[in-house]
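Each position in the sequence shown, counted from 1, maps to that position plus 172 in our numbering.
See structure below.
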Amino acid sequence: MNKGDNSNELTTVTKNKRNWLKNLLLIAAVLIMVVVLINSMVTARTPALLVSNETGETSFLPPACGGCSGNEAGTALDPLQQQALAYYSDQFGEQATEAVVEDYGCHQEILIFKDGVPLRRLAYNNGVFSDLGPLTDNQGN
């Protein structure tokens, strides 16, 4: 009778170890997927450049994940920023002074400012601009 009990105990211990290992691997896989998802979301939502149209100088907005990337200070306006400022001027009849481009991967959004005051949010996708509406201070800053 003891031999049978030992055999059952060993089988139970082996099954418990397998279940524990499966659970550990499942948790590790879920954690890796969560980290990859969060990283892709942060990267996609990192703001690009704040450029002044009057001086032609570039300064960087602090990205959500830290650090900076992009053009060096003092370079000319990005072509998309130039096009967005021209589009805004054509559509709304006034000259804006700044454009901030946010790259979302599938499209870009451009925040339009005049003398630091947020005006509008534009979308750019497949060569076409569209108006996403006016900006308020909490959206633009």
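Heads up, the beta-carbon is just placed ideally off N, CA and C, and yes, glycines get one too.
Note that the coordinates shown come from a computational prediction; the quantities given were computed from them, not determined experimentally.
Residues of its chain near residue i, where Cβ-Cβ distance is below 8 Å and the 5 sequence neighbours each way are ignored
{"i": "lysine 187", "result": "none"}
Neighbourhood of residue i by C-beta distance below 6 Å, restricted to the same chain and skipping five residues each side
{"i": "glutamine 267", "result": "Ser261"}
{"i": "arginine 296", "result": "Residue identity check: residue 296 is tyrosine in the sequence provided, not arginine. Cβ neighbours of tyrosine 296 beyond the five flanking positions: Gln280."}
{"i": "leucine 304", "result": "Arg293, Ala295"}
Test item: CB-CB of residue i and residue j under 8 Å
{"i": "phenylalanine 315", "j": "leucine 291", "result": "No answer is possible for residue 315: the residues shown for the chain start at 173 and end at 313."}
{"i": "threonine 269", "j": "aspartate 287", "result": "yes"}
Inter-residue spacing [alpha-carbon to alpha-carbon] between residue i and residue j
{"i": "glutamine 255", "j": "proline 306", "result": "18 Å"}
{"i": "phenylalanine 264", "j": "leucine 257", "result": "10 Å"}
{"i": "serine 302", "j": "glycine 277", "result": "17 Å"}
{"i": "alanine 200", "j": "valine 300", "result": "43 Å"}
{"i": "serine 212", "j": "aspartate 275", "result": "12 Å"}
{"i": "valine 208", "j": "lysine 194", "result": "21 Å"}
Sequence-distant residues of its chain with Cβ nearer than 7 Å to residue i (five each side left out)
{"i": "leucine 197", "result": "none"}
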